[in-house]
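Worksheet: one structure, shown below.
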Amino acid sequence: MKKILIVHAHPEPASFCSALKDEAKTYFESNGNKVRIIDLYAVNFDPVGGKHDFKSLNNPDYFKYQLEQVHAFEQNLFTEDLKRHMDDLEWCDTLIFNFPLWWFGLPAILKGWVDRVFAMGLVYGNGKGVYDTGTYKNKNAFACLTTGGPEIAYNGGRNGDIMEILFPINHGMFYFAGMRVISPFISYSPVRKSDEERNSELQRYRDFLLGIETEIPLYH
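In the working numbering, each residue carries its 1-based index in the sequence shown increased by 56.
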């Protein structure tokens, strides 16, 4: 049995991006796995890290976020709400970021989740390694995303290479933490597709999920 955490960042429950999240939940649960979903908009997640992340500060006179994260990890001083997100991250075997590509990156609410939850002391630093010696070598991770533009815009078009666009996520977040990084699932411009084509995309995602355990990872 696998433990799957889907961090979902789309404000519209009826969107195709949200349908992909639901498809993954159905797929994994139907195969006997446990699934947790953090719907960032539904829980009104605050993406801005700061002093409010901590029950108390080690140095109230000069605030340095990363050092306070290390201190909070050592002394159990993260707020209970934030700690629940960290507990979900620690719990999972597979981490999925489910989001629309906005301005060539993560929506701010999901980037803020990384800022606050991938905390120094918990995920890296303070004696913990990164990349090949990273904390989460036993976790899989991948991005599932939708784009506004068509596929040709990202593969030979003016938007650039999609894998270069996703490098900060695949390499700078997942692999930095030591995870086994699976190639992303990308649904290009679903808003311009017919219902039949969107159903085909959902089937393509099911086929993708079926192969994630045996696929050669991007990083490991």
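Quick reminder that beta carbons are idealized off the backbone N, C-alpha and C, glycines included.
- V173 and V99 have their C-alpha atoms spaced approximately 15 Å apart.
- Between the C-alpha atoms of Y187 and S256 there is a straight-line separation of about 35 Å.
- Sorting E253, E271, R214, F129 by C-alpha distance to the C-alpha of F198 places E271 at the top.
- When DSSP states are grouped into helix, strand and coil, K184 belongs to the strand group.
- For the pair M176 and Q125, the CB atoms are nearer than the 8 Å cut-off.
- Collapsing the DSSP output to three states places N115 in coil.
- Separation of the CB atoms of K111 and T135 is rounded to 6 Å, and the pair is thereby assigned contact status at 8 Å.
- Going by DSSP, I242 is part of the beta strand (DSSP E) stretching over 241 to 244.
- In this structure, the beta-carbon distance from F72 to P246 falls below 8 Å.
- Distance check between W159 and each of L201, V104, A233 places L201 closest, using alpha-carbon atoms only.
- For V63, there is no enclosing alpha helix (DSSP H); the enclosing beta strand (DSSP E) covers residues 59 to 64.
- Judged by their CB atoms, P240 and I165 are not nearer to each other than the 8 Å cut-off.
- Per DSSP, N132 lies in no beta strand (DSSP E) segment and is marked neither H nor E.
- Boundaries cannot be given for V179, as no alpha helix (DSSP H) includes it and DSSP labels it neither H nor E.
- When the Cα atoms are used, G234 and T189 turn out to be separated by approximately 6 Å.
- Around the C-beta of N154, 16 or more other C-beta atoms lie within 10 Å, and the residue is accordingly described as buried.
- When secondary structure is reduced to three states using DSSP, G216 falls in the coil class, being assigned neither helix nor strand.
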